[in-house]
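*Asks:* Counting from 922, one number per residue, gives the positions in the sequence shown under this note's numbering.
Heads up, the beta-carbon is just placed ideally off N, CA and C, and yes, glycines get one too.
Here's a structure for you.
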Amino acid sequence: MKAVILGGNGFIGSHLVDELLIDDWDITVYDRNPEHFRPPLKRVNYVFGELGNKSLLQKVISKGDIVFHLASSATPQTSGENPFHDIQADLLPTITLLDICVQKRIRKLLFFSSGGTVYGIPETGIVPETHPTNPISSYGILKLTIEKYIQTYHHLYGLPFTIIRPSNPYGERQNPLGSQGVIAVFLGKIKRELPIILFGNGSITRDFIHVSDLVKAVKLASLKTSQNDVFNIGSGSGTSLTSLVELIKTITLLKTEVNNLPKRAFDIQQIVLDPCLANLELGWHPVIKLDDGITTTWDWIQKSL
Ligand SMILES: NC(=O)c1ccc[n+]([C@@H]2O[C@H](COP(=O)([O-])OP(=O)(O)OC[C@H]3O[C@@H](n4cnc5c(N)ncnc54)[C@H](O)[C@@H]3O)[C@@H](O)[C@H]2O)c1
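See below:
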């Protein structure tokens, strides 16, 4: 199989590369940056460019059957500050990408949406794909808008797609100095002997999924013959940030100071995804337990930071 991975040098993309290489996929990574944490892999074809570079993107898309779209400069933390930037940098080039995918008659487009933000405030304890989508952040609106365009391109032009709604992925090569991914950020603070910052009182609850489990689900979804699916990819269980900090203290054997700051308006209090559809349709279920996953992430951070 031939894959084009847009944003393949980022955290999740780099693990997707590893997962596809297990099955000898022919991989082209298209990204504006090299990988942060490891040198280029010999078996991967790297093309550097902006998502908005139409002519280069056309050439790159010609190289693949399956296109994975992970390139995003928006994050939940930053997107509210400048929604115009996200529309220009992520939404508009994605529409161009959809046109190219239709022209090139690709086999499938897999888009990385956001299970943590597209639903908004959950009406149920565990959130299935059929839950209403009422995002409360600019990031969630952006992801949902792209989902809607993809579905419309399927309806109008037959574009085959799968939408992946990950919960909260974590693991090796997530930037401990970045703003997304509390596990990496908390471990990074501990490593640098800095206090952990908790927005709110610590009762905020998230659904953590190890990145290797996530990319296994994505590979299965990419190979599935029936198309036009939307999958939640999460663990199905919630962990409060207070419990997470306690678990991290046990694993690192380090004490840490916790500074509480006011809860941010875009933070959803609790979101846990229902992964039953992925289990049923893809035969997928996550295998990495949270404590094991944090232990390997901590080992990596100690070596890397
Ligand atoms: N990490 C998470 O917690 C999480 C959760 C849910 C969904 N997602 C989504 O999954 C995808 C991948 O996330 P990640 O954590 O690997 O992000 P990341 O920031 O680590 O990787 C994104 C990659 O895309 C590249 N990129 C961004 N904008 C680009 C552009 N305009 N042109 C070319 N390259 C560009 C970056 O250089 C980077 O290598 C994103 O779409 C993100 O929104 C991430």
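Smallest Cα separation from Y1040: which of T1066, T1017, K1025?
*Replies:* Start at 1 with the first residue of the sequence shown, and residue 1040 comes out as number 119. Checked all of T1066, T1017, K1025; the closest Cα to Y1040 is T1066.
*Asks:* As a quick exercise: from A1142, A1105, T1146, pick the residue whose alpha carbon is nearest that of I1169.
*Replies:* On the sequence shown, position 248 is the one that residue 1169 refers to. When each option's Cα is compared against that of I1169, the closest is A1105.
*Asks:* Check this for me: beta carbons of I987 and S1143, under 8 Å apart or not?
*Replies:* For the purposes of this step, residue 987 is identified with residue 66 of the sequence shown, where counting begins at 1. For the purposes of this step, residue 1143 is identified with residue 222 of the sequence shown, where counting begins at 1. Contact flag set, yes.
*Asks:* What residue from I1016, I1172, D1220 has the CA that sits closest to K1064's CA?
*Replies:* Along the sequence shown, read from residue 1 onward, the residue named residue 1064 stands at position 143. Comparing Cα-Cα distances from K1064 to each of I1016, I1172, D1220, the minimum goes to I1016.
*Asks:* When the Cα atoms are used, what is the spatial distance from S993 to Q1009?
*Replies:* Numbered from its first residue, the sequence shown carries residue 993 at position 72. Numbered from its first residue, the sequence shown carries residue 1009 at position 88. In a straight line, the C-alpha of S993 is about 11 Å away from that of Q1009.
*Asks:* Return the bridge partner residues of D952 from the DSSP annotation.
*Replies:* The residue you call residue 952 lines up with position 31 of the sequence shown. DSSP, once it has assigned bridges, lists F969 as partnering D952.
*Asks:* Can you tell me the Cα-Cα spacing of I1021 and I982, whole angstroms?
*Replies:* Against the sequence shown, residue 1021 aligns to sequence position 100. Against the sequence shown, residue 982 aligns to sequence position 61. Rounded to the nearest angstrom, the two C-alpha atoms are 8 Å apart.
*Asks:* For L977, tell me which candidate among D952, E956, T996 has the shortest Cα-Cα distance.
*Replies:* In the sequence shown, the residue the question calls residue 977 occupies position 56. The shortest Cα separation from L977 among D952, E956, T996 belongs to D952.
*Asks:* Starting from T1083 and walking both ways along the alpha helix (DSSP H), at which residues does that stretch end?
*Replies:* The residue you call residue 1083 lines up with position 162 of the sequence shown. Unbroken run through T1083 is the beta strand (DSSP E), 1082-1087; no alpha helix (DSSP H).
*Asks:* Quick one: what does DSSP say H1076 is sitting in, helix, strand or coil?
*Replies:* Residue 1076 sits at position 155 when you count from the first residue of the sequence shown. Helix at H1076.
*Asks:* Tell me the DSSP secondary structure of K1137 in three-state form.
*Replies:* Indexing the sequence shown from 1 puts residue 1137 at position 216. Of the three classes helix, strand and coil, the one that applies to K1137 here is helix, per DSSP.
*Asks:* Assign R964 to buried or exposed, taking buried as 16 or more other Cβ atoms, counted over all protein chains shown, within 10 Å of its Cβ.
*Replies:* Against the sequence shown, residue 964 aligns to sequence position 43. The residue is exposed, with fewer than 16 neighbouring Cβ atoms inside 10 Å.
*Asks:* Below 6 Å CB to CB, which residues in the same chain sit around D947 once its five sequence neighbours on both sides are set aside?
*Replies:* Taking the first residue of the sequence shown as 1, we reach residue 947 at position 26. Answer for D947: K923, listed in chain order.
*Asks:* Can you check which of these residues, L1098, Y1070, D1134, P960, is closest to I1117 by C-alpha distance?
*Replies:* Your numbering for residue 1117 matches position 196 in the sequence shown. Nearest of L1098, Y1070, D1134, P960 to I1117, Cα basis: L1098.
*Asks:* Pick out whichever of R1185, E1093, I1111 has its Cα sitting closest to the Cα of T1217.
*Replies:* For the purposes of this step, residue 1217 is taken as residue 296 along the sequence shown, with counting starting at 1. The shortest Cα separation from T1217 among R1185, E1093, I1111 belongs to E1093.
*Asks:* Would you report the Cα separation of I1057 and R1185, rounded to the nearest angstrom?
*Replies:* Numbered from 1 along the sequence shown, position 136 holds the residue referred to as residue 1057. Numbered from 1 along the sequence shown, position 264 holds the residue referred to as residue 1185. So the two alpha carbons sit approximately 11 Å from each other.
*Asks:* Cutting at 6 Å between CB atoms, please list the residues of its own chain near G934, excluding the five before and the five after it.
*Replies:* Taking the first residue of the sequence shown as position 1, residue 934 is located at position 13. Same-chain partners within the cutoff: I926, G928, L991.
*Asks:* P1081: which of Q1191, K1210, F989 sits nearest, CA to CA?
*Replies:* In the sequence shown, the residue the question calls residue 1081 occupies position 160. Comparing Cα-Cα distances from P1081 to each of Q1191, K1210, F989, the minimum goes to F989.
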